[in-house]
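Chains as they are written, first to last, in the working numbering: chain F, 880 to 1145; chain Y, 948 to 1214.
To start, the structure under review is shown below, and the notes come after it.
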Amino acid sequence: MTKFKKAVVRYRLPFVLFWVFIGLWELLIRIGNYPVYLLPGPWDVLSLIPSRLGDLWFSFALTWEEAAGGFLASGAIGIGLALVFAISPMIRKCLLPYVVLFQTIPIIAISPLIILWCGSGQFAVCVIAFMICLPPIIANVTQGLISVEQNQIDLFRMSNASTFTLLFKLRLPHAMPSIFTGLRIASGGAVVGAFVGETFAGSSSVGQGGLGYAALYAQNQTETAYLFALILTSSLMGLFFFFIVSITEWFCLRNWHESVVADQPN
Amino acid sequence: MHANATPAEETTSAPKQPAFVTVEGLIKTFPNGLNVLQNVSFRAMAGDFISLIGPSGCGKSTILRLLAGLTEKTSGTIAIEGLTPHNAREITSFVFQEATLLPWRTVEKNVALTLELEGVPRDQRKEKVSALLKLVGLEEFSRLYPRQLSGGMKMRVSIARALASSPRLLLMDEPFGALDEMTRNRLNEELLRLKQQQKWTAFFVTHSVAEAVFLSNRVLIMAARPGRVHREIAIDLPPVRTAETRESPHYLELIGKVSAALHEVHG
Chain F
880 MTKFKKAVVR YRLPFVLFWV FIGLWELLIR IGNYPVYLLP GPWDVLSLIP
930 SRLGDLWFSF ALTWEEAAGG FLASGAIGIG LALVFAISPM IRKCLLPYVV
980 LFQTIPIIAI SPLIILWCGS GQFAVCVIAF MICLPPIIAN VTQGLISVEQ
1030 NQIDLFRMSN ASTFTLLFKL RLPHAMPSIF TGLRIASGGA VVGAFVGETF
1080 AGSSSVGQGG LGYAALYAQN QTETAYLFAL ILTSSLMGLF FFFIVSITEW
1130 FCLRNWHESV VADQPN
Chain Y
948 MHANATPAEE TTSAPKQPAF VTVEGLIKTF PNGLNVLQNV SFRAMAGDFI
998 SLIGPSGCGK STILRLLAGL TEKTSGTIAI EGLTPHNARE ITSFVFQEAT
1048 LLPWRTVEKN VALTLELEGV PRDQRKEKVS ALLKLVGLEE FSRLYPRQLS
1098 GGMKMRVSIA RALASSPRLL LMDEPFGALD EMTRNRLNEE LLRLKQQQKW
1148 TAFFVTHSVA EAVFLSNRVL IMAARPGRVH REIAIDLPPV RTAETRESPH
1198 YLELIGKVSA ALHEVHG
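Below is the structure:
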């Protein structure tokens, strides 16, 4: 059987279920005759999209920038901090508990503070996305860097390898799968962070903003069909993010790591 | 094949030759107070192949780690050509219990690791690695990743990596313990063939009496709690050993002798 056929078989049921769900939803709308501002049907949403494609794209681009910005910054700073934690057990023991603690703070609770300090707008939203992405990256990467087998460390010690050689030739490649786990969790968080951030700090001009701001605005205007379109766009962005991280992961680990090569026949 | 291999050629300790490795009154106590090694002394001449065998907890792996400078002694002397283990690392290689390959590196990159860490230039590395892979019969597999290899092949890569830095002291901590008997026997023969060519001195930890007798010219039987050398048995088989050696009566007799000594320790 070809790969394509296998994929079709594997995804057939979820695919069928999707159309059944959409069909039932549309049927419910037609029979029940609910007002469109309360529950729009799939067709109401779909027929709205072409006319508001410009607005959707504008919001998408804005939110994308914030989510990507926060994600990339947290990736760079998170991996950097984890490297420091791997070199110095002292620093790690002092700071890692705070990383865990930081994770338990609801970001929504401190977003007013961030807006107070950074002002409303894209930068504040970026910072909120960044703060949501950072802890899972630090936690996963640190775990990957320090969970190296003692024998492998001894192997490097036999060649009198320095701490930095050990870090870049052993710990970092060993941590690659964990780095991608952290990035994948963060990629979901980035979109959520940007969306939620925008509902607080979304826009500097009324009516124009990212997906989160637009959703709030649509809710106030009872443009429920457009709200659904915005939700759909946000989901697509999340998927797209996830897809990019997964592709990069596959590319980096394709030769050696079980999580990626497991599907191949031996 | 071993027509000219007479017992006279054996590497038994000649009294005037200075020892290559000297261990005297070695004591190792773990931080929790456990007495791992109590007053261990032995010497190894250049070219010796010494197996350490004994019940678990007798400190045989600890002896290897001490010789490698991977752990610190509590008291006593260890000298490798007059150097401390730490300073002798340049001439020492360690083969670990598992192959301990780096999964993100291909076979050839794994073998090249120690050379890379020692700063050997790339083209020299390449030349040496391909020679070593040929020596262990893996030249066709140089571009594969460890996950694509069998257990025996992984161990071959591990040995090639250890030999890459041209060691004069080879420390092997039960390298073939996880392999099936046929693979283990074949690798034993290959190891001796490599030794014929390269003339290193070896310490070999094992649980297999047959393996110890086949490989070594001396077997140290160790006792546990506290870890100490119980007895030394000289293996006076001809230095060139092949699969047929395993069928010779003298080989079987020596296995009986080592087994009996092990029973004294266990009993």
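Just so you know, even glycine gets a beta-carbon here, dropped at the ideal spot from N, CA and C.
If you're wondering where the values come from, they're calculated on a predicted model, not measured in any experiment.
Its chain contains Thr1021, Leu1024, Ile1025, Leu1046 and Arg1050 as the residues whose beta carbon lies nearer than 7 angstroms to that of alanine 965 (chain F), once the 5 sequence neighbours on both sides are disregarded; these appear in chain order. At least one beta carbon of chain F lies nearer than 8 angstroms to the beta carbon of tryptophan 1051 (chain Y).
Between glutamate 1028 (chain Y) and phenylalanine 1123 (chain Y), the CB-CB gap reaches or exceeds 8 angstroms. Nearest CB-CB separation between aspartate 1033 (chain F) and chain Y: below the 8 angstroms threshold. At least 8 angstroms separates the beta-carbon of isoleucine 1123 (chain F) from that of isoleucine 1058 (chain F).
Apart from the 5 residues on each side of it in sequence, leucine 1115 (chain F) has no Cβ closer than 8 angstroms to any other Cβ in its chain. As the crow flies, the alpha-carbon of leucine 1034 (chain F) is around 21 angstroms from that of serine 1089 (chain Y).
Interface annotation for the stretch 991 to 1020 of chain Y against chain F: Arg1012, Ala1015, Gly1016 and Leu1017, criterion Cβ-Cβ distance under 9 angstroms. In the structure shown, glycine 1124 (chain Y) adopts coil according to DSSP, grouped into three states.
By the criterion of a C-beta distance shorter than 6 angstroms, alanine 1109 (chain Y) is surrounded in its chain by Ser1040 and Val1042, once the five residues flanking it on both sides are discounted. Threonine 1009 (chain Y) sits away from valine 970 (chain Y), with the two beta carbons spaced by 8 angstroms or more. The straight-line gap separating the alpha-carbon atoms of methionine 992 (chain Y) and leucine 1062 (chain F) is approximately 55 angstroms. At a C-beta separation below 7 angstroms, arginine 1036 (chain F) has these neighbours in chain Y: Leu1017. Take arginine 1193 (chain Y), set aside five residues on each side of it, and the residues of its chain with a beta-carbon closer than 8 angstroms to its own are Asn1132, Ala1157 and Phe1161, in chain order.
With a 10 Å radius around the Cβ and a threshold of 16 neighbouring Cβ atoms, glutamate 1077 (chain F) comes out buried. Contact with chain Y is absent for proline 968 (chain F), since none of that chain's Cβ atoms lies less than 8 angstroms from the residue's Cβ.
For glutamine 1145 (chain Y), the three-state secondary structure derived from DSSP is helix.
The three-state secondary structure of histidine 1053 (chain F), taken from DSSP, is helix.
Taking a cut-off of 8 angstroms for Cβ pairs, the stretch 1130 to 1147 of chain Y and the stretch 1059 to 1071 of chain Y do not touch, as fewer than three such pairs fall below it. Under the 10 Å beta carbon count, lysine 975 (chain Y) is surrounded by 16 or more other beta carbons and is classified as buried. C-alpha of alanine 1040 (chain F) to C-alpha of glutamate 1037 (chain Y): approximately 12 angstroms in a straight line.
Remark: fewer than three beta-carbon pairs, one from each stretch, lie closer than 8 angstroms, so the stretch 1086 to 1096 of chain F and the stretch 903 to 910 of chain F are not flagged as touching. Collapsing the DSSP output to three states places phenylalanine 1119 (chain F) in a helix. Between the alpha carbons of glycine 954 (chain F) and asparagine 1057 (chain Y) lies a gap of roughly 29 angstroms.
Between leucine 973 (chain Y) and the set Y:Ile1025, Y:Leu1017, Y:Ala1078 and Y:Gly980, the nearest pair of CA atoms involves Y:Ile1025. Residues of chain F with a Cβ closer than 7 angstroms to the Cβ of leucine 1126 (chain Y) do not exist; the shortest Cβ-Cβ separation is about 17 angstroms. Contact with chain F is found for glutamate 1045 (chain Y), since one of that chain's Cβ atoms lies less than 8 angstroms from the residue's Cβ. The beta-carbon separation of glycine 933 (chain F) and alanine 1073 (chain F), rounded to 20 angstroms, does not stay under the 8 angstroms limit for a contact.
Just so you know, the alpha carbons of leucine 1082 (chain Y) and leucine 1209 (chain Y) end up roughly 35 angstroms apart. For threonine 1060 (chain F), no chain Y residue has a Cβ inside 8 angstroms of its Cβ, as the nearest lies near 16 angstroms away. A residue is called buried once 16 or more other Cβ atoms fall within 10 Å of its Cβ, and arginine 891 (chain F), having fewer, is exposed. Beta-bridge partners assigned by DSSP to arginine 1165 (chain Y): Y:Ile997 and Y:Ala1181. For valine 1104 (chain Y), the number of other beta carbons within 10 angstroms of its own is at least 16, and it is reported as buried.
At a cut-off of 8 angstroms between C-beta atoms, threonine 1127 (chain F) does not count as an interface residue with respect to chain Y. When DSSP states are grouped into helix, strand and coil, glycine 1084 (chain Y) belongs to the coil group. DSSP lists no bridge partner for threonine 1018 (chain Y).
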